[in-house]
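**Student:**
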Amino acid sequence: MFADHALQALERSLGKKVMLRLKEGGGIRGTLLGFDAHMNLLLDEAEEVFKENGKKLGLIIVRGDNIILVSPFE
Amino acid sequence: MFADHALQALERSLGKKVMLRLKEGGGIRGTLLGFDAHMNLLLDEAEEVFKENGKKLGLIIVRGDNIILVSPFE
Amino acid sequence: MFADHALQALERSLGKKVMLRLKEGGGIRGTLLGFDAHMNLLLDEAEEVFKENGKKLGLIIVRGDNIILVSPFE
Amino acid sequence: MFADHALQALERSLGKKVMLRLKEGGGIRGTLLGFDAHMNLLLDEAEEVFKENGKKLGLIIVRGDNIILVSPFE
Amino acid sequence: MFADHALQALERSLGKKVMLRLKEGGGIRGTLLGFDAHMNLLLDEAEEVFKENGKKLGLIIVRGDNIILVSPFE
Amino acid sequence: MFADHALQALERSLGKKVMLRLKEGGGIRGTLLGFDAHMNLLLDEAEEVFKENGKKLGLIIVRGDNIILVSPFE
Amino acid sequence: MFADHALQALERSLGKKVMLRLKEGGGIRGTLLGFDAHMNLLLDEAEEVFKENGKKLGLIIVRGDNIILVSPFE
Chain D
1 MFADHALQAL
11 ERSLGKKVML
21 RLKEGGGIRG
31 TLLGFDAHMN
41 LLLDEAEEVF
51 KENGKKLGLI
61 IVRGDNIILV
71 SPFE
Chain V
1 MFADHALQAL
11 ERSLGKKVML
21 RLKEGGGIRG
31 TLLGFDAHMN
41 LLLDEAEEVF
51 KENGKKLGLI
61 IVRGDNIILV
71 SPFE
Chain R
1 MFADHALQAL
11 ERSLGKKVML
21 RLKEGGGIRG
31 TLLGFDAHMN
41 LLLDEAEEVF
51 KENGKKLGLI
61 IVRGDNIILV
71 SPFE
Chain G
1 MFADHALQAL
11 ERSLGKKVML
21 RLKEGGGIRG
31 TLLGFDAHMN
41 LLLDEAEEVF
51 KENGKKLGLI
61 IVRGDNIILV
71 SPFE
Chain A
1 MFADHALQAL
11 ERSLGKKVML
21 RLKEGGGIRG
31 TLLGFDAHMN
41 LLLDEAEEVF
51 KENGKKLGLI
61 IVRGDNIILV
71 SPFE
Chain F
1 MFADHALQAL
11 ERSLGKKVML
21 RLKEGGGIRG
31 TLLGFDAHMN
41 LLLDEAEEVF
51 KENGKKLGLI
61 IVRGDNIILV
71 SPFE
Chain W
1 MFADHALQAL
11 ERSLGKKVML
21 RLKEGGGIRG
31 TLLGFDAHMN
41 LLLDEAEEVF
51 KENGKKLGLI
61 IVRGDNIILV
71 SPFE
């Protein structure tokens, strides 16, 4: 058990796959390359999930205020 | 009776189970591993509640602006 | 008659019952244990009001941006 | 005619009746006891207006971000 | 032609009639007595426009975040 | 090719016609007289576009948080 | 693998084509000429995508809070 600022978990996920759920209803999976204090995320090899016709998105920057949650795959 | 900043209750819940209710309508239960001043939460062994087909979410970071309330289980 | 910053009324309500109305439509009643400048509230013995099947919530932290108004019971 | 910061009109209304219109659709009337820079308001003898079954609310703190306008009764 | 911070136009409208359009759908016309950096406005002799049964509102403080645009009448 | 802060493009549009698209659904065209860091805009000879019955608005201040995009006409 | 602040990816996209998805439902493609910390973007040769009757928009400034994600084309 340890106290840990929530966003530091993102630092341990750099270079790894993460999944995010968006307020607009869908989700995105990709490799986390960067982030900042607003939870803006830089993802590579991103693709839509939870939707029919989920598209390949490639390299994307997601604006943090659209995000409900981020799930690192450990 | 004591005056206590609201978020300090989160500090006493580190390592313990918490339940949160989200603006989007569902809820999430998990073990609180971290938090920050925006009420961004780091949860482990998270799972959806209040919904049919509640999913296991594992380790997640919830962006604080989606949260209505957090309930520590004491 | 006196000029008083709005949130200082919360300080006088510490340890007492308060009722809050939420933007999502319901309300919550509980004992105020803490608060901060964002109107994040720490409530004990909280329970839902204004709803059928109002649940016992116990100890909760309510994120301030969900709140329409707080009513201290004097 | 004079240039006046908008919130200073609230200072002149301390101890007097004000009426406010809320984003959620209703309104509230009460005696202004306090306010802050976010337009959080402390009202006494508050009661709902513009609604059927307008309730007596007594002493309340209204979170400023719910407010469309405040009307002092001079 | 000159570069001018947007809100300085409000300063030149002090004591004059302005019309504002609100996000909630209606509009308000009144004499501008004050304003601040959030576009909170103090209006006198305010009245609703664009609506049936437009009411006389008298002296009001409009919270800036409800405003789409302000139109000075020059 | 050059790196340029987004809002500096507004500076080069001072005194020229711009068109803006609003979150509420319509659009406005006018001569840009001023702006600030929140993208609050001062427009002269403004008129509604994209709507039936587009009105002449004259001199207006548009609150920046209503704006989706601004298009300078070069 | 490297830790990288999310917005720095925008810097590497200056002068290149990017695609953005908007909260209002559509998308825009254009050449990135500038940006700032709010993710306000300056785009040239912009055009609407994902919509029937996608319009040519030319030079535009997109206010960052409308953006879900930005996708550089590398």
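Chains as they are written, first to last, in the numbering used here: chain D, 1 to 74; chain V, 1 to 74; chain R, 1 to 74; chain G, 1 to 74; chain A, 1 to 74; chain F, 1 to 74; chain W, 1 to 74.
C-beta: ideal position from N, C-alpha, C; glycine also.
Being a predicted model, the structure only gives us computed values, none of them experimental.
(1) Which residues share a DSSP beta bridge with A:D44?
(2) Label V:A37 either buried or exposed according to how many other C-beta atoms from any shown protein chain fall within 10 Å of its C-beta, with 16 as the threshold for buried.
(3) First and last residue of the alpha helix (DSSP H) that includes W:R12?
(4) Report back the beta-carbon spacing between F:A6 and W:N40 to the nearest angstrom; my notes put them in contact at under 8 Å.
(5) Out of curiosity, what's the CA-to-CA distance linking W:F2 and D:R21?
(6) Out of G:L69, G:K55 and G:G30, state which residue places its alpha-carbon closest to the alpha-carbon of G:I61.
(7) Measuring only between beta-carbons, confirm whether R:G54 sits less than 8 Å from chain V.
(8) Would DSSP call A:H58 helix, strand or coil?
(9) Using the DSSP secondary-structure output, state which residues sit across from G:K17 in a beta bridge.
(10) What residues from the stretch 12-26 of chain F come within 8 Å of chain A, judged by C-beta to C-beta, listed N to C?
(11) Taking 8 Å as the threshold (C-beta atoms), are V:L32 and V:L10 in contact?
(12) Could you tell me if R:G15 is buried or exposed, where buried requires 16 or more neighbouring beta carbons within 10 angstroms of its beta carbon?
(13) Residues in its own chain within less than 6 Å of V:R12 by CB, not counting five upstream and five downstream?
(14) Using a Cβ cut-off of 8 Å (strictly closer), state whether W:I68 contacts chain F.
(15) If we define contact as Cβ-Cβ less than 8 Å, is W:L10 a contact residue for chain D?
(16) Quick one: which chain V residues come within Cβ less than 7 Å of D:A6?
(17) Cα separation between V:I28 and W:E52?
(18) So what's V:F2 in DSSP terms, helix, strand or just coil?
(19) Which residues of chain A have a Cβ atom closer than 9 Å to the Cβ of G:G64, listed in chain order?
(20) Residues of chain G with CB closer than 9 Å to the CB of A:G30, please, in chain order.
(21) Assuming W:L43 contacts D:R63 (C-beta within less than 8 Å), just tell me the rounded distance between them.
(22) How would you label A:F50, buried or exposed, when you count the other beta carbons within 10 angstroms and need 16 or more for buried?
(23) Alpha carbon to alpha carbon, how far is W:V18 from D:E45?
(24) What do you get for W:F35, buried or exposed, if any count of 16 or more other CB atoms within 10 angstroms of its CB means buried?
(25) For the candidate residues G:P72, G:L57 and G:E47, whose alpha-carbon lies nearest to that of R:P72?
**Tutor:** On the basis of the supplied data:
(1) By DSSP's assignment, A:D44 forms a beta bridge with A:T31.
(2) Exposed is the call here.
(3) W:R12: member of the alpha helix (DSSP H) spanning Q8 to R12, first to last residue.
(4) So it is a contact: roughly 4 Å between Cβ atoms.
(5) Confidence is the limiting factor: at W:F2 the pLDDT is only 46, short of 50, which leaves the residue's position unreliable, though a coordinate-based value still follows. Cα to Cα, W:F2 sits roughly 23 Å from D:R21.
(6) Sorting G:L69, G:K55 and G:G30 by C-alpha distance to the C-alpha of G:I61 places G:G30 at the top.
(7) Judged by the 8 Å Cβ criterion, R:G54 is not in contact with chain V.
(8) Note that residue 58 of chain A is Gly in the sequence shown here, rather than His. Correct three-state label for A:G58: strand.
(9) DSSP, once it has assigned bridges, lists G:T31 as partnering G:K17.
(10) Listed in sequence order: L14, G15, L22 and E24.
(11) With respect to V:L32, V:L10 sits close: the two C-beta atoms are nearer than 8 Å.
(12) Around the Cβ of R:G15, a 10 Å sphere holds fewer than 16 other Cβ atoms; the residue is exposed.
(13) Same-chain partners within the cutoff: there are none.
(14) With 8 Å as the cut-off, W:I68 does not count as an interface residue toward chain F.
(15) Yes, contact with chain D.
(16) Within chain V, the residues whose beta carbon sits less than 7 Å from that of D:A6 are G34, F35, D36, N40, L41, L42 and I61, listed in sequence order.
(17) When the Cα atoms are used, V:I28 and W:E52 turn out to be separated by approximately 39 Å.
(18) Note that V:F2 has pLDDT 45, beneath the 50 cutoff, so the model's placement of it is unreliable and no number is given.
(19) Within 9 Å Cβ-Cβ: R63.
(20) By Cβ distance, chain G contributes nothing, its closest Cβ being about 10 Å from A:G30, past 9 Å.
(21) Their Cβ separation, rounded to whole angstroms, is 16 Å, which puts W:L43 and D:R63 out of contact at 8 Å.
(22) Counting Cβ neighbours within 10 Å, A:F50 comes out exposed, since fewer than 16 surround it.
(23) Roughly 16 Å separates the two Cα atoms.
(24) Flag for W:F35 reads buried.
(25) That would be G:L57, whose Cα lies nearest to the Cα of R:P72.
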